[in-house]
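If you count by the numbering used here, then the sequence shown holds residues 159 to 507, one letter each, in order.
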Amino acid sequence: MSLVYGPTDPPLWEKTLAELINEQAEKYEEKKAVVIPWQNASLTYRDLANRGVEVARDILALGLRPGDCIGILAGNCQEYIEVVMGAGYAGCPLVVLNINYTPKELASAVERTTCKLLFISSELKDNTMDGHITAVLTSTVDGLQVVTLGNQTVQEGSRLQSFKAFTSTSRPTPQEQSNVARICAEIKPDDLLNLQFTSGAPKAAMLTHRNILNNARFVGHHLALTPSDTICSPPPLFHCFGLVMGLLSTLAHGATLVLPSATFSAPATLAALAQHRCSVLLGVPTMFLAALAALPAASPPPPPLRTALAAGSPVPVPLVRRLRDELRVGKVLVAYGMTETSPVSFMTR
């Protein structure tokens, strides 16, 4: 076994997701936190705090309690962000599920984590998810409730409803606000925030508020993120790359995140770079290669980028050169880690 010790300054944050979002909402108010161009939607920092309380209220109204696991299987969308916030405010660990799961794999993951509530897109990649929904409703998880995301109509029942029926945008009553605030105050940094299934054996990595928020903070630090930055993040939110290095790194530094498409699309990514004048682009090497291949057809072409962050697999030197020359990236950084380390262990400067 090898041990590597790094610097201990600055000290680690000892806070929860709800505490971070509340702090950023006070600081940045109506500044855009997340932009979802494919849905023509956006959320400000104040929206994140408000929706955290509202969705937490709705989760608790279903009978869930802090510590109960919530699953989500969906593309990168506004509702995904709201569920992340709501689960964090309710003290319910969020199990992020791979959108490529078969119905059998999804049912197995839900059973292994004993989810009490599952959010699932009604359709993905132009395919309906009826088989997946049926699989989880007939799983061995007692009393599992399912909420569908998307525009497709579903046959609602005692355990199945749409996101629109599940949640309300009305402001919580003083009693509801007090209940959520009480739960938030009881959540500790060492409590579970997220469970992520890793490649290989079907095991879930258990990640705490302290794990994830500090990793996100330091990734953003090495990216030199500031509130003036706009980060384009095509990696999926069901991976640590999209959730921690993308979403939470952005929020930790008061910047703006752009989710260009529900699932990866090179043309949509290039369009988002141009439309939102992004300064940072995240991706795995295959995403960067696809973006480079689509670059000649991009109109308008994306602006020069200050930084690109690549991770997920080895990054060839020729790819780094192409990113600098063709995509006009000023600096290409590479991160290495694994899901269990939430996720980054080493990062180039």
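Glycine residues also receive a C-beta, built at the ideal position from the N, C-alpha and C atoms.
Practice item. Drop a sphere of 10 angstroms on the beta-carbon of Pro472, count the other beta-carbons inside from all chains shown, and report buried for 16 or more, exposed for fewer. Key: Exposed: under 16 other Cβ atoms inside 10 Å.
**Study point:** CB contact flag (Val213, Ala183, <9 Å)
**Key:** Not in contact: Val213 and Ala183 (Cβ atoms no closer than 9 Å).
**Study point:** Straight-line gap, Leu175 to Asp348 (C-alpha atoms, nearest Å)
**Key:** Here the alpha carbon of Leu175 sits roughly 11 Å from the alpha carbon of Asp348.
Exercise for review: Would you decide whether Ala219 is buried or exposed? Buried here means 16 or more other CB atoms lie within 10 Å of its CB.
Suggested key: With a 10 Å radius around the Cβ and a threshold of 16 neighbouring Cβ atoms, Ala219 comes out exposed.
Exercise for review: Would you mind sorting Ala267 into buried or exposed? The rule is 16 or more other CB atoms within 10 Å of its CB.
Suggested key: So Ala267 counts as buried.
Exercise for review: Return the Cβ separation of His380 and Arg507 in integer angstroms, given the expectation that the two are a contact with Cβ distance under 8 Å.
Suggested key: About 6 Å separates the two Cβ atoms, so the contact holds.
Exercise for review: Express the C-alpha separation of Arg317 and Glu498 in angstroms, rounding to a whole number.
Suggested key: Rounded to the nearest angstrom, the gap between the Cα atoms of Glu498 and Arg317 is 33 Å.
Point to revise | Outcome for Gly315 when other beta-carbon atoms lying within 10 angstroms are tallied against a minimum of 16 | key: Answer is exposed; the Cβ neighbour count stays below 16.
**Study point:** Check whether Leu491 and Pro460 have beta carbons under 9 Å apart
**Key:** Contact: no.
Point to revise | Pairwise C-alpha distance: Pro330 and Arg215 | key: Pro330 has its alpha-carbon roughly 8 Å from the corresponding atom of Arg215.
Check your understanding: Between the beta-carbon of Leu405 and the beta-carbon of Val193, is there less than 9 Å?
Key -> Against a cut-off of 9 Å, the Cβ pair of Val193 and Leu405 comes out as no contact.
Check your understanding: What's the C-alpha gap between Asn107 and Arg223?
Key -> Residue coverage of the chain in this structure runs from 159 to 507, which leaves residue 107 outside it and unanswerable.
Point to revise | 8 Å contact criterion, which Met403 and Val502 should meet: CB distance rounded | key: For Met403 against Val502, the beta-carbon gap comes to about 7 Å, under 8 Å, which counts as contact.
**Study point:** Cβ-based neighbour list, Ala455, same chain, cut-off 8 Å, excluding 5 preceding and 5 following
**Key:** Here the set comprises Pro425.
Point to revise | Closest Cα partner of Val416 within the set Pro168, Pro195, Glu177 | key: Taking only the C-alpha atoms, the option nearest Val416 is Pro195.
Exercise for review: Give the straight-line distance between the Cα atoms of Leu353 and Glu188, rounded to the nearest whole angstrom.
Suggested key: Looking at the two C-alpha atoms, the distance is approximately 30 Å.
Review point. Taking the C-alpha atoms as reference points, what is the distance between Ser160 and Leu201?
Key: When only Cα atoms are considered, Ser160 and Leu201 end up about 43 Å apart.
Review point. With distances taken between CB atoms, is the gap from Ile291 to Phe396 smaller than 9 Å?
Key: For Ile291 and Phe396, no; Cβs fall outside 9 Å.
Check your understanding: For Leu485 versus Leu467, is the C-beta distance shorter than 9 Å?
Key -> Taking C-beta atoms as the reference points, Leu485 and Leu467 fail to come closer than 9 Å.
Check your understanding: chain D beta carbons: is any one of them nearer than 9 Å to that of Tyr238?
Key -> Among the chains in the structure shown there is no chain D, since it carries only a single protein chain.
Review point. Does DSSP classify Val294 as helix, strand or coil?
Key: If DSSP states are grouped into helix, strand and coil, Val294 belongs with the helices.
Point to revise | Beta-carbon proximity list for Asn369, same chain, < 6 Å, skipping 5 on both sides | key: Closer than 6 Å at the Cβ level, and outside the excluded window around Asn369, lie Ser500.
Point to revise | Beta-ladder partner(s) of Asn285, from DSSP | key: As a beta-bridge residue in DSSP terms, Asn285 pairs with Leu282.
Check your understanding: Name the DSSP beta bridge partners of Lys489, please?
Key -> In the DSSP assignment, Lys489 is bridged to Thr465.
Practice item. Find the nearest neighbour of Leu276 within the set Thr286, Asn285, Leu282, Leu264, judged by alpha-carbon distance. Key: Of Thr286, Asn285, Leu282, Leu264, the residue nearest in Cα terms is Leu264.
**Study point:** Rounded straight-line distance, which links the Cα of Leu371 to that of Leu401
**Key:** Computed Cα separation, rounded: 11 Å.
Point to revise | Neighbour-count burial assignment, Arg340, 16 or more Cβ in a 10 Å radius | key: Exposed, since its Cβ has fewer than 16 Cβ neighbours within 10 Å.
Exercise for review: Count the other CB atoms, across all protein chains shown, that sit within 10 Å of the CB of Thr414; report buried if there are 16 or more and exposed otherwise.
Suggested key: Residue environment: Thr414 is assigned as buried (16 or more neighbouring CB atoms within 10 Å of its CB, all protein chains considered).
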